């Protein structure tokens, strides 16, 4: 399988239409609105990161870090179906974790639908551990599993890497 070139970068207001379209393509409900994305793109306590493949937004993630909190929250992560399975999701997750570290977070939490086996497996693989459940969490009544991961600082966690665009070109 050939992995496309992609770049993970901070979203801008120019990405709002693409972000709303991505949400509609990936999620049946519980979608972020254009207005919400607009607020999040400009919020200092949030990172909205996109993965570009050519001129297309192939994926996005939203990470929130409250002031004076050491816990970050992965609020949303989505990869457009044509780009699934190409490493974009893990790259977005890692970039979100990097952002959280630069904001002083030492752990990341998230919720995932109990019926989303693929995402649950990916979060386990990325080092997330379950710690709870939220009953009737989603608008369709589905439950959510809660996961958490410690965000240990290390030599690869330099702040300059976290918010700068990263290019992921295939190697020969």
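Residue numbers (our numbering): 312 to 483.
A virtual CB, placed ideally from N, CA and C, is assigned to each residue, including glycine.
A quick note: this is a predicted structure, and the numbers were derived from the prediction, not measured.
- Between residue 445 and residue 451, the beta carbon gap of about 14 Å keeps them out of contact (Cβ cut-off 8 Å).
- Cβ-Cβ separation between residue 369 and residue 399: approximately 5 Å, consistent with a contact (criterion under 8 Å).
- Under the DSSP assignment, residue 385 falls in the beta strand (DSSP E) whose first and last residues are 382-390.
- Residue 391 and residue 426 have their C-alpha atoms spaced approximately 19 Å apart.
- As the crow flies, the alpha-carbon of residue 438 is around 30 Å from that of residue 326.
- At a Cβ-Cβ threshold of 7 Å, residue 371 and residue 357 do not count as neighbours.
- For residue 421, the CB contacts under 6 Å within the same chain, skipping 5 residues up- and downstream, are 385 and 458 in chain order.
- The alpha carbon of residue 462 has as its nearest neighbour, out of 332, 335, 393 and 381, the alpha carbon of 381.
- A distance below 7 Å separates the beta carbons of residue 361 and residue 322.
- Beta-bridge partners assigned by DSSP to residue 422: 457.
- Taking a contact as a CB-CB distance under 8 Å, the pair residue 394 and residue 364 counts as one, their CB atoms being some 6 Å apart.
- In this structure, residue 403 and residue 319 form a Cβ contact; the two beta carbons are roughly 6 Å apart against a cut-off of 8 Å.
- In terms of Cα proximity to residue 317, the closest of 448, 417, 342 and 366 is 366.
- Here the C-alpha atom of residue 376 lies approximately 7 Å from the C-alpha atom of residue 416.
- Each residue's CA atom was taken as its position, placing residue 432 and residue 456 some 12 Å apart.
- Bounds of the beta strand (DSSP E) holding residue 374 are 367-376.
- If you compare the alpha carbons of 414, 408 and 412 with that of residue 434, the shortest gap goes to 408.
- In the DSSP assignment, residue 363 is bridged to 318 and 368.
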